[in-house]
Every structure is written in C-alpha cells, then in structure tokens.
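> Numbering of the sequence shown is given in the working numbering, commencing with residue 82 and proceeding in unit increments.
From the three backbone atoms N, C-alpha and C, an ideal C-beta is built for every residue, glycine too.
Since the model is a prediction, treat every value here as computed from it, not as a measurement.
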Amino acid sequence: MLELAWAARTHTGHRRSRNEDSVLARPGLFVVADGMGGHAAGDLASQWTVEALNIAASTSPITRLAVLEAVRDADARLRRFAHRERQGVGTTVCALAVTATGARERLGLLNVGDSRAYRLRDGRLEQLTHDHSVIQELLDTGAIDADEARRHPERHVVTRSLGADVHLEIDWWSLDPATHDRYLLTTDGLTKEVTENHIRDIVRAEPDPHRAADALVGAALAGGGRDNVSVIVIDVVLVDQRVAPIDGPDPLDGDTTPRSTSRSAAALDADTEPSVRLR
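#1: Where do the ends of the alpha helix (DSSP H) carrying ILE283 lie?
#2: For TRP129, collect the residues of the same chain with a Cβ closer than 7 Å to its Cβ; drop the 5 residues on either side in sequence, then sort them by chain order.
#3: Alpha carbons only, please: which of ALA303, VAL275, VAL312, VAL238 is nearest the one belonging to ALA198?
#4: Starting from the Cα of THR180, find the closest Cα among LEU302, GLY118, ASP295, LEU146 and give me that residue.
#5: Just checking, does the segment 244-259 make contact with the segment 281-294 on the three C-beta pairs under 8 Å criterion?
#6: Would you mind working out which of LEU85, ARG97, GLY116 sits nearest GLY305, comparing C-alpha positions?
#7: Do the segment 216-234 and the segment 108-115 meet, that is, are 3 or more Cβ pairs less than 8 Å apart?
#8: Quick one, are the C-beta atoms of LEU190 and LEU256 less than 8 Å apart?
#9: To the nearest angstrom, report how far apart PRO339 and LEU177 are at their CA atoms.
#10: Return the Cβ separation of SER196 and THR240 in integer angstroms, given the expectation that the two are a contact with Cβ distance under 8 Å.
#11: Exposed or buried, ASP289, counting other C-beta atoms within 10 Å across all chains shown (16 or more means buried)?
#12: Under 8 Å by Cβ, that's how I've got LEU85 and VAL317 pegged, so tell me the actual separation to the nearest angstrom.
#13: Of the choices THR140, ALA138, ALA259, TYR264, whose alpha-carbon is the least far from that of HIS200?
#14: Which residues share a DSSP beta bridge with TRP254?
#15: Under three-state DSSP, which class holds LEU177?
#16: List the DSSP bridge partners of GLU84.
#17: Identify, in the order they occur along the chain, each residue of the same chain with its Cβ nearer than 7 Å to the Cβ of ALA151, setting aside the five sequence neighbours on each side.
#18: Straight-line CA distance for GLN391 to SER242?
#19: With burial defined as no fewer than 16 other Cβ atoms inside 10 Å of the residue's Cβ, what is the status of HIS213: buried or exposed?
#20: According to DSSP, GLU218 sits in a beta bridge with which residue or residues?
#21: Does the Cβ of TRP87 have 16 or more other Cβ atoms within 10 Å, making it buried, or fewer, making it exposed?
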C-alpha cells in the first residue's frame with residue numbers, strides 16, 4: 082500500500098577523526114543517530130541504538146511498541162555502560178518507521194535530541210521534530226533569535242539523549258503519508274552548516290533521492306564540515322488511495338505529541354565531552 086524510495090549518506094566531515102554518526106535505511110525503518118562521549122563511546126552509543134532498532138524492524142509489521150522498546154533497551158544499555166566505565170555517553174536518535182493501523186500503513190516518527198526530521202510537501206519544507214537542546218529552549222522563550230543561536234557558546238548542548246538520564250522521554254508522532262511527499266532525516270552536522278532555505282532548495286531541486294542526499298552532504302562539507310554529517314532522503318512514491326485516510330493520532334498511540342519537561346537534564350556536548358547543565 083505504501084511504496085518508498087530512499088538514499089542514505091554519512092560522512093566524517095573535515096575536522097573529526099572518526100564518524101560517531103550511525104545510519105540505518107532498510108524497508109520500513111530509517112534511522113539517524115549522533116553519538117556523544119569520550120574515546121570511542123560516541124561510536125558505540127549510536128551503533129548500539131541502530132542495532133537495537135534494526136532488530137525491532139525484523140518484526141512484521143513493525144509496531145510502535147517494538148520501536149519504542151528498542152530505543153528504551155538501547156538507553157538502558159548505554160546507562161549501564163556509563164556506570165561501568167565511569168564516563169558520559171549518549172546519542173541522539175531520529176527514526177521514521179512504516180507502521181500498520183488496521184488495513185492502513187502510517188509513518189511513525191520518533192525523536193530524542195537535536196537530530197531532525199523534515200517533510201517536503203507541495204514544495205513547502207516543514208520541520209516535523211522539535212529539538213531537545215539548550216538553544217531551542219532559549220529560542221522558545223524568546224531569549225535569543227536565530228542569528229544569535231548560530232553563534233551561541235552552548236549551541237551543541239542537548240537536553241535529552243539516550244544514555245544521559247534514567248527517565249528517558251521520547252517524542253512520537255503518527256503521520257499520514259501522501260504520494261510525492263519527501264522526508265529528510267538528518268544529524269546536526271547538516272543543520273548547523275546549512276540554512277533551512279538552502280536545505281529546502283536542494284530537496285526541491287533534486288528529484289532523485291540519491292542525488293539529493295549527495296547534494297545535502299556536499300553542502301554541509303562546503304559550509305565547513307565541522308561535524309559528522311548523516312542524511313536519509315525518503316520519497317513516498319505511491320500511497321494506495323483505496324484505503325481511507327485516518328485523521329488524528331493512531332488509536333493505539335497514547336503518546337503522539339511531543340512532551341516537554343522542566344526537570345534538570347544531563348546534557349552531552351556534541352564536541353564529544355560530557356557536560357552537565359542544571360536548570
């Protein structure tokens with residue numbers, strides 16, 4: 082009922098010695114994860130998260146419960162590792178999954194951290210996820226503007242990540258896809274180097290997802306390439322119109338909107354060293 086085409090790309094960037102991003106692109110599930118931590122811990126964090134989600138995708142159909150449990154399992158594994166090794170470790174994760182609701186396939190979108198999902202529909206690019214970051218909190222309260230955000234000293238600090246807090250909060254949305262939609266999952270190696278207008282122009286101009294993915298990574302590298310960069314471009318080729326669309330949240334989904342928290346959060350810096358911000 083739902084036909085997709087996709088392309089995934091990841092690059093270490095110009096300034097990092099290793100790639101701490103991990104990417105999964107397989108039928109029914111697409112994931113980007115941006116690892117954080119000293120030594121090789123960031124690599125492990127993102128890899129373990131992608132591995133857990135890959136196992137969840139082996140179920141047919143893929144369920145919201147399986148995806149959420151995979152993320153929670155990865156989070157628990159990372160917290161055990163951090164306790165044993167006495168070092169901070171964490172990862173963001175943004176995932177798009179094809180889930181079934183009765184006879185209709187929908188898209189489930191999951192996010193923790195500041196990796197992002199966008200949707201291009203009818204030429205308009207929309208950010209679907211909401212960053213869990215110090216910068217986003219300051220933007221939300223009006224304390225800074227977008228120009229100040231690009232230069233802020235805490236622009237790399239996230240307020241939510243796997244491995245950082247015993248009380249993991251996961252944002253989840255259920256989406257009805259439409260033919261010709263284009264989705265973009267990306268780590269912040271793209272969004273901190275390339276403006277949203279430039280991202281929009283690239284994903285609108287390149288009809289082939291492979292060329293679009295290459296162009297996005299190329300733009301991030303041309304913008305400085307100061308971080309690892311990973312992107313997945315997913316095109317909705319066809320939605321079977323014989324199945325009536327479902328309006329609103331998934332009937333089995335009690336957690337389809339983002340949740341915010343005012344509690345203190347452990348924040349891991351994208352420059353690989355853990356930091357803690359108390360609010």
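Result, derived from the coordinates:
#1: 277-286
#2: ALA155, ARG158, LEU159
#3: VAL312
#4: LEU146
#5: no
#6: ARG97
#7: no
#8: yes
#9: At PRO339 the pLDDT is 37, less than 50, meaning the model places this residue with poor confidence; the figure from the coordinates comes in the next sentence. Whole-angstrom Cα-Cα distance: 15 Å.
#10: Contact doesn't hold; Cβ gap of about 14 Å is too wide.
#11: exposed
#12: 6 Å
#13: Looking at the sequence itself, residue 200 is Arg, so the reference to His does not match. That would be TYR264, whose Cα lies nearest to the Cα of ARG200.
#14: LEU190
#15: strand
#16: LEU319
#17: ALA133, LEU134, ILE136, ALA137
#18: The question about residue 391 has no answer, for the chain in this structure spans 82 to 360.
#19: buried
#20: Answer by DSSP bridge pairing: none, since GLU218 is not bridged.
#21: buried
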